Every structure is written in structure tokens, then in C-alpha cells.
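Structure first, commentary second.
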Amino acid sequence: MTITVSGEETSVEAGTTGAALFADQKTTVVMRVDGELQDLSREIPAGAAVEPVDVAEQDGLNVLRHSAAHVMAQAVQQLFPGSKLGIGPYVTDGFYFDFDVAEPFTPEDLKTIEKAMQKIINQGQRFEREVVSEEEAKRAMADEPYKLELLGAGDDADETAEGAGVEVGGGEITIYHNVDRNGERVWADLCRGPHLPHTKLIANAFAVMRSAAAYWRGDQNNQQLQRLYGTAWPTKDDLKAYKERLAEAERRDHRRLGVELDLFSFPDELGSGLPVFHPKGGIIKREMEDYVRRRHIEEGFEYVGTPHISKDVLFHTSGHLPYYADSMFPPLHVDEERDAEGNVTKEGQEYRLKAMNCPMHNLIYRSRGRSYRELPLRMFEFGSVYRYEQSGVVHGLTRVRGMTQDDSHSYVTREQAPAEVEHLLGFVLSLLRDFGLHDFYLELSTRDEDSEKFIGTEEQWEQATDVLRRVAEDTGLELVPDPGGAAYYGPKISVQARDALGRTWQMSTIQYDFNQPTRFGLEYQAADGSRQEPVMIHSAKFGSIERFMGVLVEHYAGAFPAWLAPVQVRAIPVAEPFNDYLAEIVKRLKTRGVRAELDDGTERFPKKIRTASKDKVPFVLIAGGDDHDADAVSFRFRDGEQENQVPVEEAIERIVTTIEQREV
RNA sequence: GCCGCCUUAGCUCAGGGGUAGAGCGAUUCACUCGUAAUGAAUAGGUCAUCGGUUCGAAUCCGAUAGGCGGCUCCA
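Here you go:
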């Protein structure tokens, strides 16, 4: 028969398997048959287009990890008889498997499981695919209640959790058996596959990473299972590189660097998720805010200010309550008066900490009549908002309970809306680039038809979503759909930025809102004298200053570009006699607005260099006899490079220019 | 909010039913002329908080607070 192998027509015997075809390719783990991933053990149908899938390519990695998940599950069921299987898909950089076990896994258990996995791998067990009927599958999985549930769910399984589709779905039902050296089936799982031909391909480049709890099918009303996360790679070196990447992420962790660089802290006395900024962190925050405020004003925004607290009726008007009551701090009851018997003589009032700025900006809009000539009317502020985040989700600066939003609201006519969205998106992207982030993609969050959370008519949603989609597509950036992710009042575009380590963070958001203007009765007088309702467009550029600072700390690994660095210049004399010489230069730098300081401590020279290096100061200025005689200074940069005897004038100009140009 | 783990000096951590240790940091003194650690001395802890068990608790148990890893959530 004739088949096409990697684009070339070839003639092979009927019944040829992938294993036979790619026998000499040791790192081929599965094959793509007419675009579909299949086990190598399967026969290739006549006329098919086939290509080998290498373990190192994404599809191959996924198969490797999914197979490793099976091995882990086999090990767990060996060690913990009676444990029940949940799902076990591959995920980015690894895999997990959920188990219903009597006791949660301990750290020792993880090591034991890893050892048992190694044993299974060393046995070189084969993965064997069996096509079964639904009845057969139910019989085979009689002891696995969760698998039975998935069988019942059928093709819906894809929606139950990330990766659940690997279990069932996609037409026929299959069971994968692990077969030992003697040809005996030793373990089985309901699974769509495909899998590696045998376990030896997992080699010893795998690890059981951690355990955690997870809700069955991602629903918090369901049973909580124990999830084991693992990782697997084609080679030991890949595994090592992955672990090194994790270690690097840990070194860059903004929570760690925040302490080391004395930027911010989270005093227990304040409560969870409430940061305080120390002087050095305060400089970074202020530089960020100053720059962003200036740019907003350049872009036609007007800076406004609103309080941190208000009567809670405001949030009823906006529609945020009762939808989001759970994530707002509980109300404060004030102004109530009682007589001696305890009877209420004056009704009190409920106040709420502000969780969003838009209702207050609406009040500014409404404070007087508005003309179409004023639109677009753009209000902007650094609004302090407080959200009662659940205790388990608070995380460093990236998830806090008190934060500063760089929040703006553009009030426009319906006709102006597309142009304003475009304007905002361009502005947001330019700001992110100014802060050193260059790798983005967009997410379009829309309403979920089935949810009652979303208000407004279908036409309104469609129109708004259309506007956002068109503008997003015009950027040429990757656009990822996020159905059901919209706010209750309208769809949103969010910008996801990738940092230096390739991790993504939701930063900016642009939301199209046709609901709040109605709820607040906002209007403007049109050219024809009629009263019209504006559309409002919400936009947060960094999301929150706190989160963005956390991202920046990690992106730059604490080595901020000069314009953001808390200390821009540290002057270090080679020995004490040069203190005065450098003190004079520091003074001149300070008059130019440079954050410069002299290290006139009693430590010796090399120690001061080391300290400056650990502090990640961008410019170290050194002066000794040679410099003094030449009326010069020497530079030492963060990468260890040095440049000696630069004339003082020139050195100052270079530092000032670098800061002004916001160069790294 | 849920599951598990953790909380000892400013930081990183060791120890462990008989009232505490190291390194770094800090302070002081001496030293100090060329690019990542000079030396010595000193100070610093109700072992998160509260309660229980015990002759005795930092150590064991419980509660609370805070943190970490996930899950759920994220206007």
C-alpha cells in the first residue's frame, strides 16, 4: 500500500505499524496520522499521511508527561491500596494526577512514590491500547467511581477541568494497560491516549514535585482530592535546566527581593494582603506613578480624586452589590443612636470601603450637565481600592487586599467608542513597553450565555464585543478568547504580558460598559439638543500599581533601570582620603535630581563594591588617586564592566542622560 | 473559603520535655589607595499569640493570627 511519510510517498506492506516504520528513531514517541496523534503500535491505514513525533516537540512532550502521569498513578495505587483515580493530564512543564486517598500525601510519600515510579520505569512496561464498549469500560472501571462518572459525562468531560479531555471523549472509548515484561497487564486506566510505546522513554528525567488538594472536576462543592504534581523531560539535562529555571524564579521572587532590597513588607499588624512601602520601594512606586500620571495627562486624561469609603447605596446604584458583596469588605455601620433602653432613636447608615472607582467617577460626570463638545471626557486617578480577597488567595504584591489602581474612565458617544478603545489600547501597550515589557498577547473576555451574572441586552453585548474584537485584531497581537470572563457590565480586553522568565501576568484591562451610564442616569446634550446616554470605557493600565511593581521586580530581578532604581549612583572611594572628592561629585549629581549617595563607611574598598553590587545599584562611581589627579571618576556597572578615568563633567552628563532617556 | 505544610535574632536557618545556637546583617574599635567578603569585640530572642497537658513546655495537644504550595475565586 502507499502512504505518505513526512511528506514523501512511500510504499509499505499493509498492516505496517508506526513502530516498524520509525524503528530506527529512538526518540520518536508517537506518530501523527492524518493530523491525529496515535500510538506507534497502531497500524497505518492505506493512503494515510504519517509523520513521526519526537519526544522533544510539544506534542511529544505532552505524551511523555501523560504517560509519566500513568506511571505515577500506578505507583500510588501500588503503595496506597484502595486509592481511587481522578484525572491525570499533562500541563505546562509537567503533569498531575488526582487521587482520592484516605490520608493526604506527606513529603516522605512523595519520595516513596518517586522510587516506585523509577522501578516501574526500569521494568520497561509497555503501554497497550484497548478499544472497549461503554459497557466493558464500566465493568473494567467498576472500582473507580470517578472514572465511572466521567464515562457518564461523555464528551462533556472536556469542560470539567483542564486536561480532562485526555480521559474520555473523542469518539471511541479506550483503556490503556501497563504490561510488564512477562506480558501481564499490571495496571489500567480509562484514557484517550496516545501513550509512549514503553516506560523506558521516561528514563530518569522525571520528578514528583509537590502535593496539593484539588476539587473534583474543579467545583468547590465536590469532594476534595489529593493532587500530585510531577514533571518529566526528554533528558536529564532538560530536567536539570527546568529545575534551574524554577530556582531562578525563586531567586527573582518579588517577595524575597522585596525584603532583600528593603522595598516593602506586609506587617502582620496590618492584616493579610496589606503592604507598606519602605523608602526604597516608595521611590519606585512614586516614579511609576509620576510617569504614568504625566502620560495620562498627555493623552487627554484629567486627574481626579475620590475617597476610599462611601455609603453602600452607591454600589447598589452601580450594580456591584449584591453581585460582589462577598469580595467587598463587610459594611461599617455608623451614626446609629440609641436611648437608655437601647431603642434606636436614629437610624444608622452602612458605609463600604471602596472596591472600584467607576461609581465615584460617574458622580463626577453627573455633577453638572455635560455637552457633546466635552466628549470624550476622560477621568483618571490612582484610586485606592480594598477587596476582601479570600484568605487563601492573597499572594505577595500580585494579589492584595488593598491596592492602587491606575484607573481611568472615558465617557464617549456611541460613535466615538471604537476610536477610544483603540486609543486606550495603543496607550496601554506603549506604557507597558516603556516599562520594559515587550511580549504580550490579548485576551477577549465575553459573557457566558448560561450565566445570569451579566446584565444588559444581547444586542448591547454583541455590539460592545464587536468593537473590542475589531480593535484587538487590528493590533496584530495574538488574541485569546475567554468566554464567560467578562465583568457583569460589559466585555473586556485584557493585556497579558510575558516577563523575563516567560511567565504571563494579566495587567491592563479595557472594558466597554453600557450598563453603568444607564444605572447612574448619565447623559449629555447632543448637537441637536437631545439628551443622549454616553458609553463609558474602563481602563486600568497596570491593573494595580502593586501587582505591576511585583512583576517589574521579578522581570528585572531587582536590577531596575536607572530611572526607577531607588539608588541610582553610589560613590565609593578607593580609600578614605577621597571621601571629600566624591562627596562633591555626589552633591553635584543631587542638584541634577539624581539619587546619589556616598559610601563613606569604615568598610574596606572591595567590601563596598560587593555591597553596592548586592544592592543592584546601576552606577557605582569610584575615585582614587588616578581619578583625583585627572579630575575624573571611574564607572563600575552592574554587569561588572568598568570604565576608568571618565572626566567628571562627562560622567554626570552620562548618568543624567541615561536616567532621562529611561535607558536600562 | 477548602486541603496540606510552616512560624526559633533584622535576614537565612540549625536545635529540641529540664528556661537557646550559627552565618549574614547591626553597633564599636582597629585596619583600609583600585573593582564581590580585613580582623576583633559587643548588642540582639517570653522560640508568632492565647489556652491546655506536665513537677517542668520553645519542644506535646488545641485554638487564633500570619506565611508557603495548590484548589476554588479574581469587578
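For what it's worth, numbering that gives the first Met the number 0 labels the leading residue of the first sequence as 0, then goes sequentially.
Even glycine gets a Cβ: it sits at the ideal position worked out from N, Cα and C.
Every value quoted in this text rests on a predicted model; they were computed, and no experiment measured them.
- Its chain contains V470 as the residues whose beta carbon lies nearer than 6 Å to that of E421, once the 5 sequence neighbours on both sides are disregarded; these appear in chain order.
- Per the Cβ contact rule, the stretch 403–419 is not in contact with the stretch 326–337 (fewer than 3 Cβ pairs under 8 Å).
- Ranked by Cα distance from V312, the first of Q37, R351, R293, Y323 is R351.
- The shortest C-alpha to C-alpha distance from A556 to any of E335, E259, F379, L189 is the one to E259.
- Spanning the alpha carbons of D599 and V645 requires a straight line of approximately 21 Å.
- The alpha-carbon of V655 is positioned some 27 Å away from that of P576.
- Under the DSSP assignment, H176 falls in the beta strand (DSSP E) whose first and last residues are 172–178.
- Under DSSP, E642 forms a beta bridge with F634.
- The secondary-structure analysis by DSSP pairs E127 across a beta bridge with H176.
- Note: M402 is bridge-paired with V384 in the DSSP secondary-structure output.
- Cβ-Cβ distances below 6 Å link K345 to E336 in the same chain, with the five nearest sequence neighbours on each side left out; the list follows chain order.
- I308 sits in a strand when the DSSP states are folded into three classes.
- Taking C-beta atoms as the reference points, A496 and F439 count as a pair closer than 8 Å.
- An exposed status is given to P605, since fewer than 16 other beta-carbon atoms sit within 10 Å of its beta-carbon.
- In the DSSP annotation of this structure, the continuous segment of the beta strand (DSSP E) that includes Y350 starts and ends at 348–352.
- Your pair Y95 and L227 checks out as a contact, with CB atoms roughly 6 Å apart and the cut at 8 Å.
- For F618, there is no enclosing alpha helix (DSSP H); the enclosing beta strand (DSSP E) has its first and last residue at 618–622.
- In the same chain as A485, and ignoring 5 residues on each side of it, the C-beta atoms closer than 7 Å to its own belong to S444, T445, R446, F453, K491, in chain order.
- Taking the Cα positions, F559 is about 10 Å away from F434.
- If you look at S444, you'll find it in the beta strand (DSSP E) that goes 438–445.
- Where E7 is concerned, the enclosing beta strand (DSSP E) starts and stops at 7–10.
- A139 is a Cβ neighbour of V131, given a cutoff of 8 Å.
- Pairing N203 with A187, the inter-Cα distance amounts to about 22 Å.
- Within the DSSP bridge table, the entry for L362 names no partner.
- The beta-bridge partner set that DSSP reports for I658 is empty.
- Sixteen is the threshold: when 16 or more other Cβ atoms of the shown chains lie within 10 Å of the Cβ of V466, as they do, the residue is buried.
- For the pair of segments examined, the stretch 112–124 was found to touch the stretch 66–85: the number of CB pairs separated by less than 8 Å reaches three.
- S210 carries a strand assignment under DSSP once its states are collapsed to helix, strand and coil.
- Contact holds between the stretch 190–206 and the stretch 20–33, because three or more Cβ pairs, one in each stretch, are under 8 Å apart.
- If you draw a straight line from the Cα of A631 to the Cα of R244, it comes to about 42 Å.
- For G93, the beta-bridge partners assigned by DSSP are V90.
- Taken in chain order, the complete alpha helix (DSSP H) segments of 4 or more residues contained in the stretch 461–520 are 515–518.
- For K345, the pairing in a beta bridge is given by DSSP as E336.
- In the three-state scheme derived from DSSP, where H, G and I count as helix and E and B as strand, R594 is classed as coil.
- By the Cβ-count criterion, D628 is exposed, with fewer than 16 other Cβ atoms from all chains shown falling within 10 Å of its own Cβ.
- Short of 7 Å from the beta carbon of P193, and not among the five residues preceding or following it, lie these beta carbons of its own chain, in chain order: V29, L36, Q37, D38, V62.
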